[in-house]
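The block underneath contains the structure these notes are about, expressed in structure tokens.
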Amino acid sequence: MPTMGTPTDPRGGAQPRGDEIASYDTYLEAQRAVDFLADKEFEVKAVTIVGTDLKMVERITGRRTYPSAALQGAASGAYFGLFVGLLLSLFGTGSLLTTILPALLIGAGFGMLFAVVSYAFTGGRRDFTSSSQVVASKFAVLCLTESAHKARALLAEMPPQEDPLVR
């Protein structure tokens, strides 16, 4: 049995190794195949799921303006101020309200100030907010070469997935 770090180990090194035993359009289908192998008591440590044909997708979530930057900065600063206020109240002698409220307000003020200044430095080059993610077009299931034939045979026995919309 291979150990971690050997050249045939799919988890060792930067690139996954092994033979492709199946390819799926979704991660859930690839996960279902590996789960099927596990149910058949196949040594799933020899298996790796690899996302292929990667694309970076940036979804635009809104427009960025001075008021939105200020509001977002104030919220972020208030959260940090609340955290600092709670820490100070644990070790301080004042009441909870007299320690947390000023820390929250000071945090909100500084957060707003820093957010507006940093937005001003962008010079209007990025007047939108977004979230980014890397998505795969296909998911290949790899298996160590010495076990690939057994894995393929087991996957050939896997029943087709039922469509939950068809009754």
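Numbering (this note's numbering), first residue to last: 24 to 190.
Every residue, glycine too, gets a C-beta built ideally from N, C-alpha and C.
Taking the runs of the beta strand (DSSP E) that are 3 residues or longer, which of them lie wholly in the stretch 33-95?
42-47 and 70-86
Could you check where the beta strand (DSSP E) with Thr121 kicks off and where it finishes?
Run containing Thr121: none in the beta strand (DSSP E); it sits in the alpha helix (DSSP H), Leu119 to Phe144.
Per-residue DSSP class, three states only, for Leu165:
strand
Which residue from Ser170, Gln184, Ser154 and Gly96 puts its Cα closest to that of Ile44?
Minimum Cα distance to Ile44 is reached at Ser170.
Taking buried to mean at least 16 other C-beta atoms within 10 Å of its own C-beta, is Val164 buried or exposed?
Buried, because 16 or more other Cβ atoms sit within 10 Å of the Cβ of Val164.
Pairwise C-alpha distance: Thr152 and Gly132
22 angstroms
Comparing C-alpha positions only, which one of Met79, Ser155 and Val139 sits nearest to Gly100?
Residue nearest to Gly100 within the set Met79, Ser155 and Val139 is Val139 (criterion: CA-CA distance).
What's the call for Gly117, buried or exposed, on a 16-neighbour Cβ count within 10 Å?
Exposed, since its Cβ has fewer than 16 Cβ neighbours within 10 Å.
Glu185, DSSP secondary structure in three states
coil
Same chain, Cβ closer than 6 angstroms to Ala179, five either side skipped, listed in chain order:
none
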